[in-house]
Amino acid sequence: MLFVLIFHLISITSVSTQSRLYGPGLRASFQVPVRYFYLQSYDLKGHKLNYSTEPVDRIIFHLTRVSDQLSVHSYRKIDDLNDGIYLFRYRLYESVENLHLYIRFGNQDLEHIVKGHIYSDGCYCPQTNVTEWFDALECSSSLSTSQLRQDIKLFDKIDMNKVINKAQEKYFQYPQTYALCHYVIKNNKIYRKCHGEHIGFKSFSDAVLLSLSRKVVLPD
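The structure is reproduced here in structure tokens:
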């Protein structure tokens, strides 16, 4: 057992590799609360590796502004997917123009410049064109939205006022048992009315809708 462990540690630290970065978090147009990208490791012959080559705690990941090289206030996390790929995530707490990503992976220094304005999740900087926003997130193809369209197809002609009245009659004789929140999006503002006693779950849907409204002008 000890021999196997020592051999495994040696194999992790002694393999010479090359690495490449890819993923949507390398583009400024990918405006989401937590951005992400991947690091794929290769051997020196250019073949993809399907095993871990570097412990996560030995990987260095920094974010700085291009303009002054000062650190950007951010949350960063690295996950080893155990197949030769590492997932890098970062959340910005300040908006930046031109972000410098630096990664120290083994004996490699990897750098990438995210060109353009990269907004924090708290920035009210909505894009006015929904289609362009979908394109930036790579969600505009019919394949990526087919399941969503199928799921909501039944709800095109529902009168929400009637639904709420029926729900109140049927369920809310017992306010401690049932609860729902009715949302309206109007002029990119979020309005909510909740029914029932235990409505703490509203904080989750509030956060999602408010974050979306800061990214793109939502249709009414």
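Be aware that the sequence shown starts at -8, since it is given in the numbering used here, and climbs by one per residue. Virtual Cβ for every residue (Gly too), placed ideally from N, Cα, C. Please read all numbers here as calculations on a predicted model, not as lab measurements.
| Query | Result |
| --- | --- |
| At least three beta-carbon pairs within less than 8 angstroms, the stretch 42 to 51 to the stretch 68 to 77 | yes |
| Boundaries of the beta strand (DSSP E) in which Tyr33 is found, first to last residue | 26 to 34 |
| Start-end ranges of the beta strand (DSSP E) lying completely within the stretch 75 to 138, minimum 3 residues | 76 to 83, 87 to 96, 99 to 109 |
| Nearest residue (CA-CA) to Phe21, options Arg67, Tyr66, Asp126, Ile155 | Asp126 |
| Proximity below 8 angstroms, CB of His186 to CB of Ala198 | no |
| Ser204 versus Val87, Lys144, Asp147, Pro24, residue with shortest Cα-Cα distance | Pro24 |
| Identified DSSP bridge partners for Phe52 | Ile94 |
| Under the three-state DSSP convention, the category Asp197 falls into | helix |
| Minimum C-alpha distance to Glu88 - residue among Val63, Tyr77, Lys148 | Val63 |
| Pair within 8 angstroms by beta-carbon distance, Val121 and Pro210 | yes |
| With 16 other Cβ atoms within 10 Å as the buried cut-off, status of Val57 | exposed |
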